[in-house]
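In our numbering, the protein residues as written are 3 to 233.
Just so it is clear, CB atoms sit at the ideal spot from N, CA and C, and this is done for glycine as well.
As the structure is a computational prediction, the values presented were derived from the model and not from experiment.
Inspection log for the structure reproduced underneath, given as structure tokens.
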Ligand SMILES: [Zn+2]
Ligand SMILES: [Zn+2]
């Protein structure tokens, strides 16, 4: 225990110096006793299956015998190996994310585009049946889809065409096979006969690169954000 001599107010510089020296000597003696005690202190071996008591030859030695030393060294090696494996795994995952498959970019873009369509049409009724209310007839529980007029399966080139996709009740889109005939009637009402016919005649393939898809995803996210801000 270190004893502190409080600084006496009004004591002369000479006296203060004398105090300081005594303090230093005392401190040194305390340190000596501590090191002596530390040298003789018994420690338990770090190896769980051993736990034998021993006196450390050096402060860093936490094992009682060469055998236990080997156990400690092997455990350390194993830990290092695990850390390396973890770093490699992380590296691989990062590379994989970089080379995300094109299909993933398409899916990302579709998600962003569909979200924008649903919000764009939020005040309009279902494109095929004209039902505006959800909840009243129990359809609301299923919510809304962004329903394609010409399906993604048969016309993948129109999957991101704003005229081809409109907000539709999940009930109609998924359980009514899209209700193509009713969809067409609703679509003519909304965008006009000419635009519908143009859509039906549009068979020009669209091929997007990964970079284009990334840009389109960002574009539709931005559009949705702006729409929401304006709403
Ligand atoms: Zn041991
Ligand atoms: Zn409908």
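Contact annotation: residue 167 and residue 119 have beta-carbon atoms nearer than 7 Å. CA-CA distance, residue 83 to residue 93, rounds to 15 Å. If you draw a straight line from the Cα of residue 46 to the Cα of residue 80, it is about 22 Å long. The beta carbon of residue 216 sits closer than 7 Å to those of 107, all from its chain and outside the five residues before and after it, given in chain order. Per DSSP, the beta bridge partners of residue 167 are 150. In the structure shown, residue 96 falls within a helical segment according to DSSP collapsed to helix, strand and coil. In terms of side-chain proximity, the C-beta atom of residue 63 is found no nearer than 6 Å to any non-hydrogen atom of ligand 1.
Between ligand 2 and residue 171, a heavy atom-to-CB distance of less than 6 Å is present.
Distances taken from the Cβ of residue 75 to the heavy atoms of ligand 1 include none shorter than 6 Å.
Taking C-beta atoms as the reference points, residue 177 and residue 130 fail to come closer than 7 Å.
Contact annotation: residue 155 and residue 172 have beta-carbon atoms that are not nearer than 7 Å. Per DSSP, residue 55 is one residue of the beta strand (DSSP E) stretching across 55–57. For residue 165 against residue 201, the beta-carbon gap comes to about 5 Å, under 8 Å, which counts as contact. By the beta-carbon neighbour count (other beta carbons within 10 angstroms, threshold 16), residue 189 is buried. Counting along the chain, residue 46 sits inside the beta strand (DSSP E) bounded by residues 44–46. In terms of Cβ geometry, residue 70 and residue 57 do not form a close pair [threshold 7 Å]. In the three-state DSSP reduction, residue 126 falls in the coil class, being neither helix nor strand. Ligand 2 has no heavy atom closer than 6 Å to the beta-carbon of residue 111.
Using a Cβ distance threshold of 7 Å, residue 114 and residue 223 count as a contacting pair. Take residue 162, set aside five residues on each side of it, and the residues of its chain with a beta-carbon closer than 7 Å to its own are 111, 115 and 218, in chain order. A check of alpha carbon separations from residue 42 across 59, 208 and 53 identifies 59 as the nearest.
For the options 183, 204 and 121, the alpha carbon positioned closest to that of residue 231 is the one of 121.
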